[in-house]
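This report refers to the structure that appears directly beneath it.
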Amino acid sequence: MTDPEIVKETFKGYLPISNELAAELAKISVIRYFGRNEKIYTGGSVAASVGIVRTGLVRSFILSGDKEMTIWFGEDGDFITSFHSFFTGEEGFETIECIEDTSVLMIPVEDIKELISQNKEMLFLYSIILEKSYMYWEQRYVINQIYESEQRYAHFYNRSKSMVLKIPLKILSSYLNIRQETLSRIRKRWLK
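So the sequence shown is numbered by our numbering: it starts at 125 and just counts up by one.
Here's what the structure looks like:
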């Protein structure tokens, strides 16, 4: 069980939640600590939990042959899970790995789904989380389709300054779909 005040603090990036919902979420959640490079979720398995990053930085990636393709990053306040697995109950594609030491408020999938089905405030919170996730994916798709390499980096830099220097170049290169050598030159210009 987690302290309800910690739960309220964790969800504040989405919307303020009532003491009652915080207490319900506190009953079914636990804070877990993960070290750098530790995996929170491994592709090819069914997600047992969802999480909200309390502190730290994670990435989601898939394997294409022997190449890792970074899909998204999660930092303080971000909802993390294998969405495919969460929605379908099937094995997910992605692996979620910590880029730095990370603490995550973890909630079992079955418990959160039950709370969503029984509690209107939780259903509303869930809809906000889904809306933000959809907007992120739409923006990411459009940017990758129409922006040149430097524009993609500029957008990421302006949106995520706190992450730019924490993410290894190889991982950021994969995420932005920019060759590592090109990204290195772009980053040097931006960091002058």
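Ideal placement from N, C-alpha and C gives every residue a C-beta, glycine not left out. Everything numeric in this text was worked out from a predicted model, so none of it was measured.
Assumed close pair K290, E224 - CB separation to whole angstroms, cut-off 8 angstroms: 6 angstroms
State buried or exposed for M230, treating a residue as buried only when at least 16 other CB atoms are found within 10 Å of its CB. With 16 or more other CB atoms across the displayed protein chains lying within 10 angstroms of its CB, M230 is buried.
Burial state of A171, where buried means 16 or more other Cβ atoms lie within 10 Å: buried
What do you get for D127, buried or exposed, if any count of 16 or more other CB atoms within 10 angstroms of its CB means buried? exposed
Can you name the residues that DSSP bridges to L249? Answer is none; L249 lacks a bridge partner.
At what residues does the alpha helix (DSSP H) containing T166 begin and finish? It is not in any alpha helix (DSSP H) - T166 carries neither H nor E in the DSSP assignment.
Would you tell me roughly how many angstroms separate the C-alpha atoms of A278 and V266, rounded to the nearest one? 14 angstroms
Cutoff 7 angstroms; reference V177; Cβ partners in own chain excluding five residues on either side: Excluding five sequence positions before and after V177, the CB atoms of its chain that fall closer than 7 angstroms to its own CB belong to G198, E199, D200, G201, D202, I204, T226 and V228, given in chain order.
Identify, in the order they occur along the chain, each residue of the same chain with its Cβ nearer than 7 angstroms to the Cβ of F210, setting aside the five sequence neighbours on each side. A171, V174 and V233
Residues bridged to G198 [DSSP beta-bridge criterion]: V182
By the three-class DSSP mapping on this structure, what secondary structure does K232 have? According to the sequence as given, residue 232 is Pro; it is not Lys. Look at P232 here: in three-state DSSP terms it is strand.
Residue of E305, P292, K256 and M246 minimising C-alpha distance to A146: M246
Every unbroken beta strand (DSSP E) within the stretch 253 to 313, with a cutoff of 3 residues, ordered by chain: The beta strand (DSSP E) runs lying completely inside the stretch 253 to 313 and spanning 3 residues or more number zero.
Who are the Cβ neighbours of Y260 in its own chain at under 8 angstroms, not counting the five residues just before and after it? W196
Only counting the same chain, and skipping five residues up and downstream in sequence, which positions put a Cβ closer than 7 angstroms to that of G159? Within the same chain, G159 has close Cβ partners C222 and D225.
Taking DSSP as the reference, what is the three-state secondary structure of L187? Looking at L187 - three-state DSSP - the assignment turns out to be strand.
Pick from Y138, E192 and T306: whose alpha carbon is nearest that of S257? Y138
Is the beta carbon of R264 less than 7 angstroms from the beta carbon of L300? In this structure, R264 keeps its C-beta atom at 7 angstroms or more from the C-beta atom of L300.
So the candidates are I252, K237, L187 and T219; which of them puts its Cα closest to the Cα of I141? I252
Residue interval of the alpha helix (DSSP H) (run including F211): F207 to T212
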